[in-house]
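All remarks here apply to the structure that follows.
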Amino acid sequence: MMSSSKKRSATDGGFSQGDDDSEMKARKQRVKVSSPSKKSLQNSQFLDDKKSLWQQAMEQLNEQTKKVLNRAKTDDDVFFACMEYTRHRDWITQRYNPACGRVVSMGSDDCNQLGVAASADADKECEYPPTFVNLDGSKVAHVAGGGLHSLVLTVDGKVYSFGNNDDNALGRGEIHEDRLHLAEPIKEGFRPDDRNRIVGIDAGDSHSLFLSILGNVYQSGMYKDVDSGKFHDVPIGTNESPKGSNVYPTLVDLPGPVREIKAGEAFNAALLEDGNLYTWGMGHFGQLARSKTMGADLKKDEKGNSIPGVYELGKMWIGEEYETDEQEKDGDGNLKFDEKGNPVWATAYRYHEDLIKEKFLKPAPVIWANPYPKRSVLSLACGELFILVVARDEGYDTNVYSAGHNGFGQLGHGDKHERHELTPIKFFERKLIKKVSAGTSHGLALDMAGNAVFAWGRSDYGQLGHTDDIKGGDIEMSPQQIAFPESLGSTRIRDIAAGSSISMAITEENDVYTWGFGETCATGHLASAEDIKRPKKLDVLRQALKRGGAKSKNCHVLEGTGGAQHSLMILECFS
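In the numbering used here, the protein residues as written are 898 to 1472.
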């Protein structure tokens, strides 16, 4: 951490030793920034005009920032005020006034997750380079890639879904197989006030999450447990069994309006507008970051000793085996008896459904390994079985926290031990990280200046981008900075994203670099099925135009996301 008296250099994005009081005052007058207003933006008269909401939020932001800057006493006070402004400005813009464009998808389309098939029985390619998705001219604001499905959010708040619907992840009800290849909007499930006013989406392995302009969160599909059980969010006010899936988006019982949502393989995280971070879903390995409050016992090591901070949340905690009234049979179909001639009764397994609803599926606040009264969450990401969070304590620099499964070192602590509460990663102290992203078993982090991207975790498909020498089983348990090719020059990185085993970075000039698992073309590079071991610039527009679409000479890559074996990007195309 850094004391409030330390000066920042120009390379820190802050101020030099020579800044005097008059210069600081001048800087304050030039910077129109703020920390967010605490007032709710849920005024129904603005719901039909997102731009009005954006303008209102920005006015509140700027007014509040002036007050913060007037109270600033040091360079660091000004620096962090600007940092807070940038974070909240970006959030307001993404929610109410996002840039928009067309969607391209790439990778495997074995379950229609690309949305590019011409018909239900059309012959498909083994892998697709970047290809435009036909959404009838809709302007797209956000995309999300799940296990075998995809979500697209238009600027007017409609959600299109396509791909595998075996467990109702698409949220469109029962879909005839002749229509599974079509990207169609979700028309049911949202509350009347929220209909056609969705502002955020994310996708897990077999479920989808939706965030409304009112801050409501919805879920469709199901969460799979450590074995083969399937569970869903229970409708509010009902005593419905948690087993099975939600056919349509169902309102999640959260304690207040939500600002941001993220989906892992079978769990979720939500940042509330009041700054609290909640998690829910199936969390057998500590990925909910609150095992201590769930009532489970500590795990035992081989010697029977308790493992500090690691809890037993497996199959025998969420259920039990019991003896049935049916006698077991041997391989030949004969009834089985024990040595004393007594019948051997068959056993079965049953879930503790009330426990699952209360401890797993009911959203609850995370636990921090080092609690602090004024902590702001800047970014969050959910991997397959782990969670990453960027947070800043008032008066100090940012840090990255992690919790969950750690078999590939994806928590970034230099070891393979599980963490069941959000634990700070020492490597990132004083690194000023602004964003994290998570794949199946690897993590990415981007610094505030856009000069450095770090990666750690599983590396055997090149998803970390660190080296050309990779082999099966390779992992990096501590973060390392990625070296980008010379073509990047001095251009800064503005965004990062991770798929299952791929990674991508978008520059301030709106170019995109991708790397990682190459066989399905999820990186967009079709020339070879080999893994892309280093960041490689993708000419996404040239590839897409080969597949058809409006003739454009240039494009900006606005956003990217990765699924299990596919990726999606939003392009702003122009002549």
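Heads up, the beta-carbon is just placed ideally off N, CA and C, and yes, glycines get one too. Quick caveat: nothing in here was measured; it's all calculated off a predicted structure.
Between ALA1041 and ASP1124 a beta carbon distance of about 27 Å is seen, past the 8 Å cut, so the two are scored as non-contacting. For MET1191, the three-state secondary structure derived from DSSP is coil. Sequence-distant partners of ASP1235 (beyond 5 residues in either direction) whose C-beta falls short of 7 Å from its own C-beta, in its chain, are VAL1241. In the structure shown, THR971 falls within a coil segment according to DSSP collapsed to helix, strand and coil. No residue range can be given for ALA1349, since it is assigned to no alpha helix (DSSP H) and is classified by DSSP as neither H nor E.
Going by DSSP, ARG1439 is part of the alpha helix (DSSP H) stretching over 1437-1443.
Nearest Cα to MET1466 within the set PHE1029, TYR1145, TYR982 and CYS1023: PHE1029. PHE977 counts as buried, since at least 16 other C-beta atoms from the protein chains shown sit within 10 angstroms of its C-beta. The count of Cβ pairs closer than 8 Å, one atom from the stretch 974-989 and one from the stretch 1029-1038, stays below three, leaving the stretches out of contact. Here the stretch 1082-1096 does not lie against the stretch 1170-1178, with fewer than 3 beta-carbon pairs under 8 Å apart.
Here the stretch 1185-1196 makes contact with the stretch 1306-1326; the two share three or more CB pairs at distances below 8 Å. As a beta-bridge residue in DSSP terms, HIS1453 pairs with GLU1469. Nearest neighbour of PHE1471 by Cα position, chosen from ASN967, LYS1368, MET1179 and CYS997, turns out to be CYS997. For LYS1323, no alpha helix (DSSP H) segment is defined, and its DSSP state is neither H nor E. Judged by DSSP in its simplified three-state form, TYR982 adopts helix. Beta bridge pairing from DSSP links CYS1279 with ILE1284.
ILE1095: member of the beta strand (DSSP E) spanning 1095-1100, first to last residue. Per the DSSP secondary-structure output, PHE1164 pairs in a beta bridge with GLY1178. In the DSSP assignment, MET1213 falls within the alpha helix (DSSP H) that extends over 1212-1215. Taking 9 Å as the cut-off, the beta carbon of TYR1410 is found closer than this to the beta carbon of PRO1382. The C-alpha of ASN1065 lies about 44 Å from the C-alpha of THR962. In chain order, PHE1128, PRO1139 and ILE1215 place their CB closer than 7 Å to the CB of ILE1253, counting only its own chain and leaving out the 5 sequence neighbours on each side.
Bounds of the beta strand (DSSP E) holding HIS1046 are 1046-1051. Counting along the chain, GLU1373 sits inside the beta strand (DSSP E) bounded by residues 1372-1378. Here LYS963 carries a helix assignment [DSSP, helix/strand/coil]. Contact between the stretch 1331-1348 and the stretch 1203-1217 is absent, with fewer than three C-beta pairs closer than 8 Å. Residue burial is scored here from C-beta neighbours: ALA1243 has fewer than 16 other C-beta atoms within 10 angstroms and is therefore classed as exposed. Closest in C-alpha terms to MET955, from the list ARG984, ILE989, VAL975 and GLN1010, comes ILE989.
In this chain, the beta strand (DSSP E) harbouring MET1003 covers 999-1004. In summary, LYS947 is buried, with 16 or more beta-carbon neighbours lying within 10 Å of its beta-carbon over all protein chains present. In this structure, GLY1178 lies near LEU1258, with their beta-carbon atoms less than 9 Å apart. As the crow flies, the alpha-carbon of SER1002 is around 27 Å from that of ALA1349. Taking 9 Å as the cut-off, the Cβ atoms of LEU1067 and TYR1115 do not count as close. A distance of 9 Å or more separates the beta carbons of SER1387 and GLY1459. Here ILE1083 is not near ARG992, since their CB atoms are 9 Å or more apart.
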